[in-house]
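Data block below; observations after.
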Amino acid sequence: MEQQFDYFSVTSLLVFLTFLLRLVWGWKKSSDKIKIRLPPGPSKLPIIGSLHHLIGLNVDLPYYALTDLANKYGPLMHLQLGKMSLVVASSAKMFKELMKENDLAISQRPVPYVARVLEDAGRDIAFVPYGDYWRQIRKISRMELFSVKKVQSLHYIREDQSSKLVESIRGHAGTVMNLSKAVSDYTSTVVARAAFGSGCKDQDKFIRLSLEMVAAAGAVSTLPDMFPALGFIPILSGKKAFLKSIQTEADKILDVIIDEHIQKTKSNEYDGKESDKEDIVDVLLRLEKSGELEIPITTQDIKAVIWSVFAGGTDTSSTTTLWTMSELMRNPKVMEKVQAEIREKLKGKKEIYESDIQDLHYMRAVIKEALRLRIPGPLLLPRETMEPIEVDGYVIPERTKILFNAWAVTRDPQLWENPESFIPERFIENPLDYKGTNYEFTPFGSGRRICPGMNFGIANVELPLAKLLYFFNWQLPPGMQPHELDMTAKFGVVCGRKNDLFLIPTPYNNIS
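Residue numbers for the sequence shown follow full-length UniProt numbering, so the first one is 1 and each next one is one higher.
Here's what the structure looks like:
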């Protein structure tokens, strides 16, 4: 009996080992097959993946590092960053393949660690998961919050705040002033008034908190996204607690704002109809009260939308305005040409309204060229595959993160002549737009996940820029030549100037 037991034990063990070896061999062959079909990329080590290949590259500006790697491995490249499987697209052709041909399959948005820290993660416009609520909030954004009609109806806010901007600059005439602060104050106030009106007594405090939130979010380490076990790092550093404290303080202000708006809807004067003077909170409450929404909007949802508007609308617009002014100071001939256009078209006007600037074609080309050369989001917000997809002969597995290196595309010498030079004329000769159909120029993304606030963001740049160039001549600080102006960028939620822009304004006197 003991011999029989040994025989069956050995036989069973051999059968099991044979099955296990075949299973492992089959898995290895399958793994090798998948590995072969992945886009090319640098070699990988256990645990850290491809991270060691970033040593010696400019990781402070990651789009530089990714461009260097793409020059070696190709425009569709696979990186393994710890546990994060990442495919990086770095050409207009790959952008089109992914954002047009495979747009639905990559409509998911991965929620980064810094967003998961906050209570609104997954409900804000940027990171809401693909599904019914995403479809609803996208429709609301496009049809109600940021439609062309709605953006135009807010002209009175931009006109009022840009006039205050001009007056504040007049107070610094002939002296070195911090234009970065002045432009940031303008943009933040415009966004605040568009979001919840002008009657909030804590508006300035909320703006300060929102700017602190954006700065703090940009400083949080991405290590927990690559190595989930390292989620304790932001906790030990205090950054997680700092973010939460900002959100808690700001939420108290938002609770008061939303409650005031709710009380307004209960008054006898409220008719529930659309109005040109509606702010974003008004719109969301009107839609909720209408009973037409498939998914009810909660107070937390309204807060998430407001945070999205501030995070996406404040820094992006002010950054674009400041990079545009920086490039104009470095390129005096372009400055002279754009000021000549504005001053000829608006000749004699003591005040400028949005209706006055519709024919400033060269100024719009200047803004586009600034968006190309100094794109605020050089790495577009990532996507994630919801199913395996095939791109350019390679297979990208499900749940792979897709990163779009727009900086590499907008500086591609095969697409742009003299790509490092600031030449607005290129957009006169070839009037590309930024609405997502020209894949060589996608500062706001493309496809289903294109930035819904694009029209709002551009409107917040055009009018103040026109006024800055119409009402003032500008000089660099004493002793500084145009080529000496610091153009160092700082990567964060947006990629803005590392150092504030200081200039000397002189009022333009040829205004009757």
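For glycine and all other residues, C-beta sits at the position ideal for the given N, C-alpha and C.
Range of the contiguous beta strand (DSSP E) that encloses residue i
i: V309; result: First-last for V309: T299 to R330, but that is the alpha helix (DSSP H), not the beta strand (DSSP E).
i: T248; result: Per DSSP, T248 belongs to no beta strand (DSSP E); it is in the alpha helix (DSSP H), K239 to T265.
i: T385; result: No beta strand (DSSP E) contains T385, which DSSP labels as neither H nor E.
i: L223; result: Segment L223 to M226 is the alpha helix (DSSP H) holding L223; no beta strand (DSSP E) there.
i: Q152; result: Not the beta strand (DSSP E): Q152 falls in the alpha helix (DSSP H), residues V148 to S153.
Buried or exposed (CB count within 10 angstroms, at least 16 for buried), residue i
i: T316; result: buried
i: K479; result: The residue asked about is misnamed: residue 479 is Gly in this sequence, not Lys. G479 is exposed by the Cβ-count criterion.
i: I450; result: buried
i: K401; result: buried
i: R399; result: exposed
i: Y186; result: buried
i: Q339; result: buried
i: Y113; result: buried
i: G49; result: buried
i: R364; result: buried
i: K303; result: buried
i: F232; result: exposed
i: K490; result: exposed
i: E344; result: exposed
i: L432; result: exposed
i: I55; result: exposed
i: M229; result: Note on identity: in this sequence residue 229 is Ala, with Met being the wrong assignment. By the neighbour-count rule (16 or more Cβ atoms within 10 Å), A229 is not buried but exposed.
i: R383; result: buried
Selected residue, minimal CA-CA separation from residue i, among the options
i: I423; options: C451, Y362 and F404; result: Y362
i: N405; options: K337, L61 and P46; result: L61
i: residue 535; options: Y470, T299, L285 and W416; result: In the structure as shown, the chain begins at 1 and stops at 512. Residue 535 is therefore absent and cannot be evaluated.
i: S210; options: V114, V309 and E288; result: V309
i: L104; options: K93, G131 and M94; result: G131
i: P129; options: S107, T410, V191 and C200; result: S107
i: V493; options: A311, N102, R193 and G453; result: A311
i: P380; options: P110, E425 and Y156; result: Before going further, note that residue 380 is Leu rather than Pro in the sequence given. Of P110, E425 and Y156, the residue nearest in Cα terms is P110.
i: A195; options: M177, L86, T324 and T314; result: T314
i: V214; options: N460, I47, H172 and W307; result: W307
i: Q136; options: P482, L284 and M487; result: L284
i: G41; options: T67, N58, V59 and G56; result: T67
i: L179; options: G436, F95, P378 and N499; result: N499
i: residue 515; options: A92, V148, P224 and S90; result: For the chain, the structure presents residues 1 to 512; residue 515 sits outside this window and is missing.
i: E429; options: L98, E420 and W416; result: W416
i: K150; options: M329, G447 and D279; result: D279
i: K264; options: T248, R286 and E212; result: R286
i: D412; options: N71, P224, H155 and H52; result: N71
i: K333; options: P378, T299, P296 and E425; result: E425
Under the three-state DSSP convention, the category residue i falls into
i: W134; result: helix
i: S85; result: strand
i: W407; result: helix
i: V395; result: strand
i: R123; result: coil
i: I235; result: helix
i: F5; result: Residue placement at F5 cannot be trusted, given a pLDDT of 32 that sits under 50; what the coordinates show is reported in the next sentence. Helix, per DSSP.
i: E101; result: helix
i: G447; result: helix
i: I389; result: strand
i: V493; result: coil
i: I402; result: strand
i: L45; result: strand
i: M77; result: strand
i: Q161; result: helix
Endpoints, alpha helix (DSSP H) assigned at residue i
i: I280; result: I280 to S290
i: T187; result: L179 to F196
i: Q203; result: Q203 to A219
i: residue 536; result: In this structure the chain extends from 1 to 512, so residue 536 is not present and cannot be described.
i: P464; result: M454 to F471
i: F502; result: Unbroken run through F502 is the beta strand (DSSP E), F502 to P507; no alpha helix (DSSP H).
i: I295; result: Note, I295: premise wrong, no alpha helix (DSSP H); not H, not E.
i: A92; result: A92 to K96
i: A115; result: Y113 to V117
i: A370; result: H361 to L373
i: F441; result: No alpha helix (DSSP H) contains F441, which DSSP labels as neither H nor E.
i: F422; result: Careful: F422 lies outside any alpha helix (DSSP H) and carries neither H nor E.
Cutoff 8 Å; reference residue i; Cβ partners in own chain excluding five residues on either side
i: P452; result: I125, R138, S141, R142, L145 and F146
i: A216; result: K239, F242, L243 and I246
i: I367; result: T320, T324, I458, V461, E462 and L465
i: K205; result: I253
i: V281; result: A195, F196, G197, I257, I258, H261, I302 and I306
i: E387; result: A105 and E398
Residues near residue i by beta carbon distance below 6 Å, same chain, minus five either side
i: Q475; result: I504
i: E327; result: A370 and F422
i: S153; result: D276
Proximity test, Cβ basis, 8 Å: residue i and chain B
i: S446; result: The structure shown contains no chain B, having only a single protein chain.
Chain-order list of residues whose beta-carbon lies under 7 Å from that of residue i (same chain, five-residue window excluded)
i: Q80; result: K44, G49 and S50
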